[in-house]
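Asks:
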Amino acid sequence: MQGHDAERGHAILECCQAQVEDLDQILQLDTQAYNGKSLWPRSIYESELNSTNNEIFVLKFPENGEIVGFACCSLVLDECSITNIVVSKNHLRKGFASQLLSYMLDFGNSKGVRQWYLEVRAETNPAAVALYKKFGFESVGRRKHYYSNPREDALILQRGLDLSQIS
Ligand SMILES: CC(C)(COP(=O)(O)OP(=O)(O)OC[C@H]1O[C@@H](n2cnc3c(N)ncnc32)[C@H](O)[C@@H]1OP(=O)(O)O)[C@@H](O)C(=O)NCCC(=O)NCCS
Numbered sequence: 001m002q003g004h005d006a007e008r009g010h011a012i013l014e015c016c017q018a019q020v021e022d023l024d025q026i027l028q029l030d031t032q033a034y035n036g037k038s039l040w041p042r043s044i045y046e047s048e049l050n051s052t053n054n055e056i057f058v059l060k061f062p063e064n065g066e067i068v069g070f071a072c073c074s075l076v077l078d079e080c081s082i083t084n085i086v087v088s089k090n091h092l093r094k095g096f097a098s099q100l101l102s103y104m105l106d107f108g109n110s111k112g113v114r115q116w117y118l119e120v121r122a123e124t125n126p127a128a129v130a131l132y133k134k135f136g137f138e139s140v141g142r143r144k145h146y147y148s149n150p151r152e153d154a155l156i157l158q159r160g161l162d163l164s165q166i167s
């Protein structure tokens, strides 16, 4: 899928599939977002990049290559699980996660995805829960003590196919 440009103020950002040379910045953002410990080690990101079912998308300034956010997902048949989405702490509340999520949803729709799922911390991540609800995700369940450090339940969020897209 081609990258596309989106204009926000004076910044023109490009959303595209991640390349191996993006991994250093992705790991930095991941470490920053989760208080000093990245969600995944580099080896997992490398295998995601090499996998045919998994995707990583980045949002970057094309002029200097600075990545301001990334999002990961895993596609199996017509289902897609969103496994992570991170925006730089320096660039929060500028609509960047929304751009990444829109790009990912468009990508998935073009591949025939009909159901989207994800888990999110139930109590301590209201920003992510609000982001996903804004995009039509609904809470369909809870996994008890799914997370550690701190121990916390996960909300399971789901988004079905937008029926208006069926011709
Ligand atoms: C969650 C996260 C990706 C949002 O990124 P962002 O670029 O700031 O989000 P956006 O600017 O696109 O915001 C879109 C919507 O999300 C919601 N939102 C985002 N941050 C919010 C906050 N701090 N409080 C409440 N709602 C918030 C709002 O509904 C917002 O829409 P609005 O601006 O019209 O009110 C970012 O906070 C982050 O990287 N968090 C750490 C990593 C993480 O927890 N990821 C989720 C894993 S499931």
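First residue of the sequence shown: 1, per UniProt numbering; consecutive thereafter.
Using N, Cα and C, we set each Cβ at its ideal position, and we do this for glycine too.
This structure is a prediction, so every number in the text was calculated from the model and none was measured.
1. Secondary structure at R42, three-state DSSP: helix, strand or coil?
2. Do you know whose CA, among F137, V87, S74, P126, lies nearest I26's CA?
3. Please give the ranges of any beta strand (DSSP E) in the region 42–73, keeping only runs that are unbroken, at least 3 residues long and fully inside the region.
4. The beta strand (DSSP E) with V120 in it runs from where to where?
5. Can you give me the C-alpha to C-alpha distance between D24 and Q158, rounded to a whole angstrom?
6. Keeping to the same chain, check which residues put their C-beta closer than 8 Å to that of V76; ignore five residues upstream and five downstream.
7. Report the three-state DSSP secondary structure of S81 (helix, strand or coil).
8. When you measure from the CB of I156 to every non-hydrogen atom of ligand 1, does any distance come out below 8 Å?
9. Could you check where the beta strand (DSSP E) with V129 kicks off and where it finishes?
10. Which residues does DSSP list as the beta-bridge partners of G108?
11. Per DSSP, which residues does Y147 bridge with? Please list them.
12. Considering only heavy atoms of ligand 1, does any lie closer than 8 Å to the CB of P150?
13. Looking only at C-alpha atoms, which of A130, F135, L105, T124 sits nearest to Y147?
14. Report the three-state DSSP secondary structure of Q28 (helix, strand or coil).
15. Take the Cβ of L92 as the centre, count every other Cβ of all protein chains shown within 10 Å, and call the residue buried at 16 or more, exposed below.
16. Are the CB atoms of R114 and E138 within a distance shorter than 9 Å?
17. Cutting at 6 Å between CB atoms, please list the residues of its own chain near G112, excluding the five before and the five after it.
Replies: Walking through what the data contain:
1. helix
2. Nearest C-alpha to I26: V87.
3. 54–60
4. 115–121
5. 31 Å
6. N53
7. strand
8. No, since every heavy atom of ligand 1 falls outside the 8 Å radius drawn around the Cβ of I156.
9. Counting along the chain, V129 falls outside any beta strand (DSSP E), though it belongs to the alpha helix (DSSP H) covering 126–134.
10. None, per the DSSP bridge assignment.
11. Under DSSP, the beta-bridge partners assigned to Y147 are E152.
12. no
13. T124
14. helix
15. exposed
16. At least 9 Å separates the beta-carbon of E138 from that of R114.
17. Around G112: D78.
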